[in-house]
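Report on the following structure.
2 protein chains.
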Amino acid sequence: MEITLDSPLDMHLHLRDGDMLKLTAPLSADFAGAVIMPNLVPPITTPDKMAAYSGRIREAMGDSPFTRYMTLFFTPQTEATLKCIRNTPEFFGFKLYPAGITTNSEGGIAHMDDADSTLRMMEEMDIPLLVHGESHGFVMDRETEFLAVYRDLATRYPKLRISMEHITTAAALELLDEFENLCATVTLQHLIITLDDVAGGALNPHLFCKPIAKRPGDRDALLQAALNGHPRLMFGSDSAPHPLHRKECCGCAAGVFTAPLALPRLAALFAEHHALGKLQDFVSGNACRIFGLAPVSKQVTLTDTPMHVPASYRSFGQQVVPMYAGQDIAWSIKKA
Amino acid sequence: MEITLDSPLDMHLHLRDGDMLKLTAPLSADFAGAVIMPNLVPPITTPDKMAAYSGRIREAMGDSPFTRYMTLFFTPQTEATLKCIRNTPEFFGFKLYPAGITTNSEGGIAHMDDADSTLRMMEEMDIPLLVHGESHGFVMDRETEFLAVYRDLATRYPKLRISMEHITTAAALELLDEFENLCATVTLQHLIITLDDVAGGALNPHLFCKPIAKRPGDRDALLQAALNGHPRLMFGSDSAPHPLHRKECCGCAAGVFTAPLALPRLAALFAEHHALGKLQDFVSGNACRIFGLAPVSKQVTLTDTPMHVPASYRSFGQQVVPMYAGQDIAWSIKKA
Chain A
0 MEITLDSPLD
10 MHLHLRDGDM
20 LKLTAPLSAD
30 FAGAVIMPNL
40 VPPITTPDKM
50 AAYSGRIREA
60 MGDSPFTRYM
70 TLFFTPQTEA
80 TLKCIRNTPE
90 FFGFKLYPAG
100 ITTNSEGGIA
110 HMDDADSTLR
120 MMEEMDIPLL
130 VHGESHGFVM
140 DRETEFLAVY
150 RDLATRYPKL
160 RISMEHITTA
170 AALELLDEFE
180 NLCATVTLQH
190 LIITLDDVAG
200 GALNPHLFCK
210 PIAKRPGDRD
220 ALLQAALNGH
230 PRLMFGSDSA
240 PHPLHRKECC
250 GCAAGVFTAP
260 LALPRLAALF
270 AEHHALGKLQ
280 DFVSGNACRI
290 FGLAPVSKQV
300 TLTDTPMHVP
310 ASYRSFGQQV
320 VPMYAGQDIA
330 WSIKKA
Chain B
0 MEITLDSPLD
10 MHLHLRDGDM
20 LKLTAPLSAD
30 FAGAVIMPNL
40 VPPITTPDKM
50 AAYSGRIREA
60 MGDSPFTRYM
70 TLFFTPQTEA
80 TLKCIRNTPE
90 FFGFKLYPAG
100 ITTNSEGGIA
110 HMDDADSTLR
120 MMEEMDIPLL
130 VHGESHGFVM
140 DRETEFLAVY
150 RDLATRYPKL
160 RISMEHITTA
170 AALELLDEFE
180 NLCATVTLQH
190 LIITLDDVAG
200 GALNPHLFCK
210 PIAKRPGDRD
220 ALLQAALNGH
230 PRLMFGSDSA
240 PHPLHRKECC
250 GCAAGVFTAP
260 LALPRLAALF
270 AEHHALGKLQ
280 DFVSGNACRI
290 FGLAPVSKQV
300 TLTDTPMHVP
310 ASYRSFGQQV
320 VPMYAGQDIA
330 WSIKKA
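Chains A and B are the protein sequences, given in the same order.
Going by numbering that gives the first Met the number 0, the letters in the first sequence line up with residues 0 to 335, in that order.
Going by numbering that gives the first Met the number 0, the letters in the second sequence line up with residues 0 to 335, in that order.
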């Protein structure tokens, strides 16, 4: 069995910087493009920094054509700067983080009212808003507690295109269905795992991410929505490389690295559920329609020949352990 | 401020064996005695093995008087063997594990009906039953799902003394209040932490245990019951040493090591909530009354002078990281 995807997109990707960028960027090269997260240290907050980062990504990608949808770390903006930002090549939207909610988000927004005037202008200028939607509450409740904020945003800014990033709960899906101006990304791992895989047997740091994987009912609802071709649900890997020593030592960092195996694993998952026909929309079609994207043209053929996932990816002095490290995945990318 | 405790007991303790036993046993020597768990590899299933293990513990304890309440790993028994076991010195009761539910429990009970005839005889002979009460379900639901089994046991064997080991939920406390023949142990960490402390920030393997820490409401209910002097709630540390490399590597083992700091931290906790007067019952009185225990006489004076918890405990080639490693606790044991 085979399927050829047109210009697959990863709508939520962490590439980091420096040597880690050099390692990770080529591992996303099967995608035609990606929405690049801005939470570096320090975060990407200005068009200049963004343009420079985009250039470093282009360089790290080498010869591979790849459309960079760059984001800026949300901070309040004036109308003049917003107009300038909007016209910056490769700019896609703002990523809003509640302050301190995840990796490198210390400079995020503490009170949503501080964002109001900027959000009104973004609505007017049709600049997308991407949100890490978690409260500071109990870890299993953070996303559901944040849904009130999403509801408020969707109501107050009816024309603002709001992406609920990396949703993990059935409740978030329900909210998605209530508002036409909401869309959402979901990761590979949240279609597959639950908290059981992180902490139900032995503790597994390589499946620890934020938001944390939730209950079986949540996972099942997300998977079903993807398989059913939900028109406003998009694939965003949230692939988040950390050096090995930040994962396997005490106090491990949050993030699952899936970029190099995401397309094969998604193909296997959709094939297993007889839903391969919905994969194109999930990994590209929905995003292109919702945001009017036209990434570089790239065909990727996936086939039901197994892929062996290496125990780790190493280069430039960096080492990253992927999901399914050392295991086989039922599908792989067919090389020309 | 000071409090002197009479013969404090740890009603649920893992001492392991070999070099690890030599390291851990003396670290429980402030207690007058403890209920010793039998899930070694292989588990302690016969009076002979139990007597030999008890001897090794006595030796590892050195000069410290310490009452060993030994348990046997529950397997179905005949009347003759039960009568023999009951008369074995130091025998306290059977510990029942659902098969495969926690560390070294592979030989546990798969179907509770297989235990029926043994449980009837234990009821008749007044042999206590200690239970690791978790289902094989979703990690956050395992204890609540098991409550139906506890209810069934408490109903079918009304004179059997059943200890719900290391309870972690408000729902378990509610069940405890329904049946006079149920009692329960609770650990130090489950009075203090929630899943947030394990996986809410960075992943913390040293606070990962089974049953996993639950929601804030569960923690609050357990703490309140302890502070209120619940007459059938007993301290059982479930202190569970693992070698450092089994905790900080990928796939870390479940267990929190608290034995050497449990009494100071409990004193600090009860003092903080103006409930020091309830501590004696929690750490000894309730257990002695419920089970008719008479441990060695040992007075332990706790004082509000800080204790510094070492980064790890090492000896005999073993290294174990305790809860609060490298931190200060507000109370300490007053040495004579």
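We put the CB at the ideal spot given by N, CA and C, even for glycine.
Ile126(A) (DSSP reduced to helix, strand or coil):
For this step, residue 126(A) is matched to residue 127 along the first sequence. Under the three-state reduction of DSSP output, Ile126(A) falls in the coil class, being neither helix nor strand.
List the whole-angstrom C-beta distance separating Thr184(B) from Glu164(B), where the pair is believed to meet the contact cut-off of C-beta under 8 Å.
To locate residue 184(B), count along the second sequence from 1; it is residue 185. To locate residue 164(B), count along the second sequence from 1; it is residue 165. The Cβ separation is near 5 Å, so the contact holds.
Within 10 angstroms of its Cβ, does His189(A) collect 16 or more other Cβ (buried), or is it exposed?
Position 190 of the first sequence, counting from 1, holds the residue named residue 189(A). A residue is called buried once 16 or more other Cβ atoms fall within 10 Å of its Cβ, and His189(A) is buried on that count.
Length of the line joining the Cα atoms of Leu187(A) and Ala266(A):
On the first sequence, residue 187(A) is found 188 positions in, with the first residue counted as 1. On the first sequence, residue 266(A) is found 267 positions in, with the first residue counted as 1. As the crow flies, the alpha-carbon of Leu187(A) is around 11 Å from that of Ala266(A).
Strictly below 7 Å CB to CB, what residues from chain A border Val138(B)?
As a position in the second sequence, residue 138(B) is number 139, starting the count at 1. Per Cβ cutoff of 7 Å: Leu194, Asp195, Ala198 and Gly199.
Proximity of Ala198(B) and Phe256(A) at Cβ, strictly below 8 Å:
Within the second sequence, residue 198(B) is the residue found at index 199, counting from 1. Within the first sequence, residue 256(A) is the residue found at index 257, counting from 1. No; because the gap between Cβ atoms is not below 8 Å, this pair is not in contact.
My assumption, with CB atoms under 8 Å, is that Phe73(A) sits in contact with Phe93(A). Please give the rounded CB distance.
Taking the first residue of the first sequence as 1, we reach residue 73(A) at position 74. Taking the first residue of the first sequence as 1, we reach residue 93(A) at position 94. The pair is a contact, with the Cβ atoms about 4 Å apart (cut-off 8 Å).
Whole-angstrom C-beta distance between Ile161(B) and Val130(B), which should lie under 8 Å
Within the second sequence, residue 130(B) is the residue found at index 131, counting from 1. Within the second sequence, residue 161(B) is the residue found at index 162, counting from 1. Contact flag correct, Cβ pair sits at about 6 Å.
Report yes if the CB atom of Asn103(B) is closer than 8 Å to the CB atom of Pro42(B), and no otherwise.
For this step, residue 103(B) is matched to residue 104 along the second sequence. For this step, residue 42(B) is matched to residue 43 along the second sequence. Judged by their CB atoms, Asn103(B) and Pro42(B) are nearer to each other than the 8 Å cut-off.
Arg155(A) classed as buried or exposed, judged by whether at least 16 other C-beta atoms fall within 10 angstroms:
For the purposes of this step, residue 155(A) is identified with residue 156 of the first sequence, where counting begins at 1. The residue is exposed, with fewer than 16 neighbouring Cβ atoms inside 10 Å.
Applying a beta-carbon distance threshold of less than 7 Å, which residues of chain D neighbour Cys251(A)?
Absent from the structure: chain D. Protein chains present are A and B.
Are there three or more Cβ pairs, one per stretch, closer than 8 Å when the stretch 234-241 of chain A is compared with the stretch 272-288 of chain B?
Taking a cut-off of 8 Å for Cβ pairs, the stretch 234-241 of chain A and the stretch 272-288 of chain B do not touch, as fewer than three such pairs fall below it.
Bounding residues of the beta strand (DSSP E) (the contiguous stretch that carries Tyr96(B)):
Counted from its first residue, the second sequence places residue 96(B) at position 97. Per DSSP, Tyr96(B) lies in no beta strand (DSSP E) and is assigned neither H nor E.
Residues of the stretch 232-246 of chain B in Cβ contact with chain A at a cutoff of 7 Å, in chain order, please.
Against chain A - using a Cβ distance shorter than 7 Å - the stretch 232-246 of chain B contributes no residues.
Step through the CB atoms of chain B and report whether any lies within less than 8 Å of the CB of Pro215(A).
Position 216 of the first sequence, counting from 1, holds the residue named residue 215(A). It does: the Cβ of Pro215(A) has a partner Cβ on chain B nearer than 8 Å.
Of the listed residues Asp151(A), Ile35(A), Ala31(A) and Leu39(A), nearest to Gly17(A) (C-alpha basis):
Taking the first residue of the first sequence as position 1, residue 17(A) is located at position 18. Selected option, being the one with the closest Cα: Leu39(A).
Around the C-beta of Thr70(B), are 16 or more other C-beta atoms found within 10 angstroms, so that it is buried, or is it exposed?
By 1-based counting over the second sequence, the position of residue 70(B) is 71. It is buried - the Cβ of Thr70(B) has at least 16 other Cβ atoms within 10 Å.
Answer yes or no: do Ile166(A) and Arg264(A) have a C-beta to C-beta separation smaller than 8 Å?
For the purposes of this step, residue 166(A) is taken as residue 167 along the first sequence, with counting starting at 1. For the purposes of this step, residue 264(A) is taken as residue 265 along the first sequence, with counting starting at 1. Taking the C-beta atoms as reference points, Arg264(A) is found no nearer than 8 Å to Ile166(A).
Ile211(B) touches chain A at which residues, Cβ-Cβ below 7 Å?
Numbered from its first residue, the second sequence carries residue 211(B) at position 212. Per Cβ cutoff of 7 Å: Ala198.
Run through DSSP, which three-state label would Glu142(B) get?
In the second sequence, residue 142(B) corresponds to position 143, counting from 1. Taken through DSSP and simplified to helix, strand or coil, Glu142(B) comes out as helix.
Whether Leu336(A) touches Cys251(B) by CB criterion (8 Å)
Given a span of 0 to 335 for chain A in the structure shown, any question on residue 336(A) remains unanswerable.
Does the beta-carbon distance from Ala31(A) to Leu8(A) come in below 8 Å?
Along the first sequence, read from residue 1 onward, the residue named residue 31(A) stands at position 32. Along the first sequence, read from residue 1 onward, the residue named residue 8(A) stands at position 9. The beta carbons of Ala31(A) and Leu8(A) sit closer together than 8 Å.
Does any CB atom of chain A fall closer than 8 Å to the CB of Phe355(B)?
With chain B represented from 0 up to 335, any question about residue 355(B) goes unanswered, as that position is not in the structure.
For His13(A), the residue or residues it bridges with in DSSP
As a position in the first sequence, residue 13(A) is number 14, starting the count at 1. Beta-bridge partners assigned by DSSP to His13(A): none are found.
Do you know how far the Cα of Arg313(A) is from the Cα of Ile191(A)?
Counting from one through the first sequence, the residue named residue 191(A) turns up at place 192. Counting from one through the first sequence, the residue named residue 313(A) turns up at place 314. Taken atom to atom, the span from the alpha-carbon of Ile191(A) to that of Arg313(A) is near 26 Å.
To the nearest angstrom, how far is it from the Cα of Ala224(A) to the Cα of Ala253(A)?
For the purposes of this step, residue 224(A) is taken as residue 225 along the first sequence, with counting starting at 1. For the purposes of this step, residue 253(A) is taken as residue 254 along the first sequence, with counting starting at 1. Approximately 25 Å, taken between the alpha carbons.
Euclidean distance between Cα positions of Leu146(B) and Pro37(B):
The residue you call residue 146(B) lines up with position 147 of the second sequence. The residue you call residue 37(B) lines up with position 38 of the second sequence. So the two alpha carbons sit approximately 23 Å from each other.
Please give the ranges of any alpha helix (DSSP H) in the stretch 205-240 of chain A, keeping only runs that are unbroken, at least 4 residues long and fully inside the region.
Scanning the stretch 205-240 of chain A for uninterrupted alpha helix (DSSP H) segments of 4 residues or longer gives 215-226, listed from N- to C-terminal end.
Along the chain, where does the beta strand (DSSP E) that runs through Gly32(A) open and close?
To locate residue 32(A), count along the first sequence from 1; it is residue 33. Counting along the chain, the beta strand (DSSP E) containing Gly32(A) begins and ends at Gly32 to Ile35.
Just mark Thr3(A) as buried or exposed, buried being the case when its beta carbon has 16 or more other beta carbons within 10 Å.
In the first sequence, residue 3(A) corresponds to position 4, counting from 1. Burial check for Thr3(A): the Cβ neighbour count within 10 Å stays below 16, so the residue is exposed.
Thr66(B): buried (16+ other C-beta within 10 angstroms of its C-beta) or exposed?
Within the second sequence, numbered from 1, the residue matching residue 66(B) stands at position 67. Looking at its Cβ environment, which holds 16 or more other Cβ atoms inside 10 Å, Thr66(B) is buried.
Can you check which of these residues, Leu301(A), Ala324(A), Pro321(A) and Pro294(A), is closest to Lys334(A) by C-alpha distance?
Here residue 334(A) corresponds to residue number 335 of the first sequence, with the count starting at 1. Here the closest residue by C-alpha is Leu301(A).
Closest Cα partner of Ser6(B) within the set Ala286(B), Leu172(B), Ser311(B) and Pro294(B)
On the second sequence, position 7 is the one that residue 6(B) refers to. Nearest option by C-alpha distance: Pro294(B).
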